[in-house]
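Quick note: the sequence shown uses the working numbering, first residue 75, plus one each step.
Glycine included, C-beta positions come from ideal geometry on N, C-alpha and C.
Some notes on the structure that comes next.
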Amino acid sequence: MKKTVSMIAEGGVCVALAIALSFVKIPIGVNFGGFGGSIDLVMVPLVVFALRWGAGWGMLAGLVFGTIKFFLGGSAIDIVSIIFDYSVAYAFVGLAGLFRKAKGAGRPIGAFFGCLGRFAIHFISGFTVYARWMPKEFMGMAMTSKYVYSLLYNGTYMLPNTILCVLVIALLAKPMDKLEERRSS
75 MKKTVSMIAE GGVCVALAIA LSFVKIPIGV NFGGFGGSID LVMVPLVVFA
125 LRWGAGWGML AGLVFGTIKF FLGGSAIDIV SIIFDYSVAY AFVGLAGLFR
175 KAKGAGRPIG AFFGCLGRFA IHFISGFTVY ARWMPKEFMG MAMTSKYVYS
225 LLYNGTYMLP NTILCVLVIA LLAKPMDKLE ERRSS
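If you want it as structure tokens, here you go:
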């Protein structure tokens with residue numbers, strides 16, 4: 075029971091921290107106007123939680139965060155885009171928890187996997203939900219494929235976010251290892 079209470083409390087703190095971090099961002103995208111995402115640290119607390127408690131609990135925390143994030147100022151075109159781009163996309167960050175037993179360098183690999191999960195959902199949303207708004211030209215290239223458009227569009231913000239998240243988790247790997255050692259003793 076004590077372990078469950080600790081986990082739920084830690085999950086709440088990580089979700090709250092991710093929400094706070096969602097307000098500290100660098101908007102990027104088309105003409106740097108914010109259309110297309112932003113660079114931020116919101117995935118870091120979600121990845122930390124997933125690495126500590128596993129993929130299932132990590133995905134639940136991501137789902138909670140993504141849903142709350144939408145209601146705190148997200149934008150969407152319909153219910154499907156809300157589900158894909160907020161709830162499910164952030165839930166997939168919890169896949170980092172598949173590397174729960176990893177130590178040291180395995181933690182940033184877990185972070186990368188969680189970020190890749192989020193990117194995959196945004197990519198799917200891009201070529202299904204948002205394909206009808208594909209411009210004729212994007213980033214100086216003629217757009218003829220909704221898949222290429224989705225890859226480029228989502229890559230403009232997910233690649234920097236992934237790099238940032240993996241680097242921060244790499245810096246936190248040793249302290250997380252020490253915390254795990256203390257928790258298991």
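Near residue i, which residues of its chain fall below 7 Å by C-beta distance, leaving aside the five closest residues on each side in sequence?
i    : result
D159 : A150, H196, S199
S161 : L137, G140, T141
M81  : W127, W131
A129 : G168, L169, G171, L172
S112 : K99, I100, P101, I102, Y231
Could you check if residue i is buried or exposed, using at least 16 other CB atoms within 10 Å of its CB as the buried criterion?
i    : result
M75  : exposed
K143 : buried
L125 : buried
T78  : exposed
V87  : exposed
I237 : exposed
A163 : buried
A92  : buried
A94  : exposed
I157 : buried
D114 : buried
Give every residue of the same chain whose Cβ lies closer than 6 Å to the Cβ of residue i, excluding the five residues on either side of it in the sequence, and list them in chain order.
i    : result
V167 : M117, L120, G136, G188, R192
V300 : Any property of residue 300 remains undetermined from this structure, which presents the chain solely from 75 to 259.
V240 : P182, A185, F186
A216 : none
G180 : F173
A247 : G178, R181
D251 : K177
Taking DSSP as the reference, what is the three-state secondary structure of residue i?
i    : result
I102 : coil
M215 : strand
I113 : strand
K175 : coil
Y204 : coil
D251 : helix
D159 : helix
F97  : coil
G108 : With a pLDDT of only 44 at G108, under 50, the local geometry of the prediction cannot be trusted, and the value read off the model is given with reservation. Residue state, collapsed to three classes: coil.
G191 : helix
A150 : coil
P182 : helix
V133 : What sits at residue 133 in the sequence shown is Met, not Val. Three-state DSSP puts M133 in a helix.
M232 : helix
G128 : coil
On the premise that residue j lies in contact with residue i, defined as a C-beta separation below 8 Å, what is that separation, rounded to the nearest angstrom?
i    : j    : result
Y227 : F212 : 7 Å
M208 : Y223 : 5 Å
F53  : G85  : As shown, the chain starts at 75 and ends at 259. That puts residue 53 outside it, with no answer to give.
V154 : V203 : 6 Å
Return the chain-ordered list of same chain residues with a C-beta closer than 8 Å to the C-beta of residue i, the five sequence neighbours on each side being excluded.
i    : result
A194 : F166
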